[in-house]
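Chemist:
Residue numbers (my numbering): 8 to 568.
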């Protein structure tokens with residue numbers, strides 16, 4: 008760690024002192040300038056004698072738990088030699104490092120007996136200090152400090168949503184181009200807390216927090232505009248402002264709507280409409296909007312004025328993929344399709360794909376895909392039925408992906424591109440279900456959005472168009488039930504199997520989307536596909552690939568389609 012001292016953290020406030028305990032030592036047994044490790048009332052204590060007298064602090068260094076009696080004492084300054092954290096033994100304050108160590112009163116009886124009163128933190132008294140410390144840990148990206156504070160705050164009965172909120176409040180306003188992977192991943196991590204009990208609930212919480220701390224460290228707060236006149240704030244005005252890339256105007260409409268009392272069911276259609284206008288940033292627009300509203304469901308709508316306006320830049324500046332050359336065959340066919348008639352088509356609850364839609368999704372005819380998807384909708388598939396087949400197709404892609412292509416730097420395509428087909432479909436299913444439940448039916452916007460997922464499902468196969476495709480790989484036998492299997496994969500996604508945060512974020516959101524979709528389909532296929540993704544070799548840092556592609560670019564070699 009850096010040798011530069013950090014902010015001094017004072018010792019923890021405590022409950023009224025407990026009775027003192029005889030250490031079994033006489034003062035004469037402990038020379039000045041020495042330390043002893045003692046166990047007092049089941050608590051390991053570092054007893055120190057300096058020229059000022061006797062002092063006692065917790066024996067374990069807060070950093071990684073090494074014993075402080077193995078450290079070096081210089082006057083009243085105790086240094087943990089493992090990582091150079093330094094503490095004042097008089098009060099336990101940290102003068103270099105991240106966190107202080109608990110101190111304990113020491114007294115010497117007239118007979119010379121050394122007695123220690125073990126002071127244990129009172130959860131209610133320490134909560135404000137720990138919350139302030141957590142905020143500092145987030146700001147400085149101190150994983151250890153964040154982890155310790157989260158565990159202690161959970162012990163103090165702090166709601167997990169409040170802990171995630173501390174990171175959201177820090178990160179959302181600092182995101183350079185709006186809502187990103189880190190804040191969206193925190194939503195999924197919060198949803199995974201119920202997979203754990205007791206102190207272990209800290210794992211998904213800290214994972215969610217640290218993604219934000221890593222991504223937004225050192226960034227400045229993006230100041231929001233004043234809210235618009237509430238009379239002018241409408242879905243139509245918001246949609247037009249986003250389309251025109253008028254960021255401040257679009258944000259001002261969202262703020263005005265929140266201030267006039269609009270709730271989630273009033274504003275969700277605004278965002279669903281905007282993300283249906285384009286195949287936006289490879290599906291990220293729909294995914295991040297889903298995560299924003301899911302997060303607010305968990306932490307409270309009163310946080311909407313922080314969450315939603317800072318999502319807007321993602322939508323305003325996101326790539327409109329449907330305007331790019333690679334999508335022209337699909338976009339042209341989509342433009343000739345009557346979306347309103349598809350939205351009005353009767354739903355056939357007995358509909359199932361006869362193989363034609365799946366075949367189109369697994370093929371490479373971008374224009375023909377629109378016809379196959381539209382035909383399915385006309386004969387009763389409905390948006391959910393279409394999405395079911397999309398999920399099946401993407402899962403098949405994931406199961407047969409040739410992982411050697413992950414390191415083919417001439418092809419800017421890999422695992423993360425394929426997994427988007429699954430998470431995009433899950434997000435669009437959420438948008439559609441919200442529209443049906445609160446708007447009364449399927450709309451042309453939702454049909455268009457579903458067709459975009461069909462395109463992406465087909466596009467996830469573009470690596471196969473240049474390579475031979477192996478047989479589907481069976482990863483593991485079916486677990487006893489889909490819920491157990493899905494929960495297992497969600498836990499696995501949190502275990503630091505990825506060295507780069509962006510890969511970790513995709514593991515988290517893919518495992519959760521796969522669990523939801525597997526339950527919807529009644530099939531382990533999305534879970535098998537995700538298990539293979541989690542276990543497979545993956546490109547993590549992207550430096551070598553970026554250098555290779557830069558060389559190609561500067562030498563006039565174009566990306567292949």
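Every residue gets a Cβ at the ideal spot worked out from N, C-alpha and C, and that includes glycine.
Report back the beta-carbon spacing between residue 425 and residue 404 to the nearest angstrom; my notes put them in contact at under 8 angstroms.
Modeler: Right, their Cβ atoms sit about 5 angstroms apart.
Chemist: Counting Cβ pairs closer than 8 angstroms, one from the stretch 184-202 and one from the stretch 138-157, do we hit at least three?
Modeler: Contact fails: fewer than three Cβ-Cβ distances are below 8 angstroms.
Chemist: Checking 8 angstroms against the spacing of the C-beta atoms, do residue 517 and residue 489 come in under that value?
Modeler: Their beta carbons are not under 8 angstroms apart, which means residue 517 does not touch residue 489 by this criterion.
Chemist: Across which residues does DSSP place residue 4 in a beta bridge pair?
Modeler: With the chain represented from 8 up to 568, any question about residue 4 goes unanswered, as that position is not in the structure.
Chemist: Starting from the C-beta of residue 257, find all residues in its chain whose C-beta is less than 7 angstroms away, skip the five residues before and the five after it, and write them out in chain order.
Modeler: Contacts found: 245, 248, 249, 319 and 323.
Chemist: Could you check where the beta strand (DSSP E) with residue 43 kicks off and where it finishes?
Modeler: Per DSSP, residue 43 belongs to the beta strand (DSSP E) from 41-47.
Chemist: Using 8 angstroms for Cβ pairs, my map puts residue 223 next to residue 178. What's the rounded Cβ distance?
Modeler: Yes, they are in contact, since the Cβ atoms of residue 223 and residue 178 sit about 4 angstroms apart, within 8 angstroms.
Chemist: Between residue 33 and residue 168, which are expected to be in contact by the criterion C-beta below 8 angstroms, what is the C-beta distance as a whole number of angstroms?
Modeler: Actually they are not in contact, since the Cβ atoms of residue 33 and residue 168 sit about 52 angstroms apart, beyond 8 angstroms.
Chemist: With hydrogens ignored, establish whether the beta-carbon of residue 388 is closer than 7 angstroms to any heavy atom of the ligand HEM.
Modeler: Of the ligands one can find in the structure shown there are none, so the ligand HEM has no counterpart to examine.
Chemist: How about residue 189 and residue 218: do their beta carbons lie closer than 8 angstroms?
Modeler: For residue 189 and residue 218, yes; Cβs fall inside 8 angstroms.
Chemist: Buried or exposed for residue 472, please, with buried defined as at least 16 other CB atoms from any protein chain shown within 10 angstroms of its CB.
Modeler: When all chains shown are included, residue 472 counts as exposed.
Chemist: Hey, out of 186, 448 and 194, whose CA is closest to residue 306's CA?
Modeler: Nearest of 186, 448 and 194 to residue 306, Cα basis: 194.
Chemist: Since residue 216 is in the alpha helix (DSSP H), which residue starts that stretch and which ends it?
Modeler: That run of the alpha helix (DSSP H) goes 209-223.
Chemist: Starting from residue 196 and walking both ways along the alpha helix (DSSP H), at which residues does that stretch end?
Modeler: Element bounds for residue 196: 188-198.
Chemist: Give me the Cα-Cα distance between residue 457 and residue 215, rounded to the nearest whole angstrom.
Modeler: Residue 457 and residue 215: Cα-Cα distance of roughly 29 angstroms.
Chemist: How about residue 449 and residue 390: do their beta carbons lie closer than 8 angstroms?
Modeler: Yes.
Chemist: Roughly how many angstroms lie between the CA atoms of residue 548 and residue 505, to the nearest whole one?
Modeler: Using only the alpha carbons, I get a separation of about 10 angstroms.
Chemist: Return helix, strand or coil for residue 393, following the three-state DSSP convention.
Modeler: If DSSP states are grouped into helix, strand and coil, residue 393 belongs with the helices.
Chemist: Using only CA atoms, which one of 413, 520 and 500 lies nearest to residue 469?
Modeler: Nearest C-alpha to residue 469: 413.
Chemist: From 394, 163 and 282, pick the residue whose C-alpha is nearest to that of residue 128; which is it?
Modeler: Residue 128 has its Cα closest to that of 163, out of 394, 163 and 282.
Chemist: Report the three-state DSSP secondary structure of residue 37 (helix, strand or coil).
Modeler: Three-state result, residue 37: coil.
Chemist: For residue 484 and residue 534, what's the separation of their Cα atoms in angstroms?
Modeler: Annotation note: pLDDT 48 at residue 484 (below 50); position unreliable, coordinate value reported separately. Distance between the alpha carbons of residue 484 and residue 534: 11 angstroms.
Chemist: Determine the closest residue to residue 123 out of 264, 111 and 130, with distance taken between C-alpha atoms.
Modeler: For residue 123, the nearest C-alpha among the options comes from 111.
Chemist: Using three-state DSSP, classify residue 386 as helix, strand or coil.
Modeler: Three-state DSSP puts residue 386 in coil, outside helix and strand.
Chemist: Taking a contact to mean a Cβ-Cβ separation below 8 angstroms, would you say residue 125 touches residue 212 in this structure?
Modeler: Contact flag unset, no.
Chemist: If I measure Cβ to Cβ from residue 445 and keep anything under 7 angstroms in the same chain, skipping five residues before and after, which residues do I get?
Modeler: For residue 445, where only same-chain residues beyond five positions count, the Cβ hits under 7 angstroms are 272.
Chemist: Short of 6 angstroms in beta carbon distance, which residues of its chain neighbour residue 191, apart from the five on each side in sequence? Order them along the chain.
Modeler: These residues qualify, in order along the chain: 295 and 298.
Chemist: Enumerate in chain order the residues of its own chain whose CB-to-CB distance from residue 482 is below 6 angstroms, with the five nearest sequence positions on each side excluded.
Modeler: Here the model assigns residue 482 a pLDDT of 48, short of 50, so the residue's position is not dependable and the matter cannot be decided.
Chemist: For residue 79, count the other beta carbons within 10 Å of its own beta carbon; 16 or more makes it buried, fewer makes it exposed. Which is it?
Modeler: Exposed is the call here.
Chemist: Distance check for residue 384 and residue 153, CA to CA, integer angstroms please.
Modeler: One C-alpha to the other measures close to 49 angstroms.
Chemist: When you compare each of 96, 208 and 264 to residue 235 by their alpha carbons, which one comes out closest?
Modeler: The option with the nearest alpha carbon to residue 235 is 264.
Chemist: Tell me where the alpha helix (DSSP H) around residue 124 begins and ends.
Modeler: Run containing residue 124: none; DSSP gives neither H nor E here.
Chemist: Compare the Cα-Cα distances from residue 513 to each of 42, 497 and 61 and report the closest residue.
Modeler: Out of 42, 497 and 61, 497 has the C-alpha closest to the C-alpha of residue 513.
Chemist: What span of residues does the beta strand (DSSP E) with residue 79 cover, start to end?
Modeler: Residues 79-81.
Chemist: Helix, strand or coil, according to DSSP, for residue 352 in the structure here?
Modeler: In the structure shown, residue 352 sits in coil (DSSP, three-state: anything other than H, G, I, E or B).
Chemist: So residue 397 packs on residue 460, CB below 8 angstroms; how close in whole Å?
Modeler: So it is a contact: roughly 5 angstroms between Cβ atoms.
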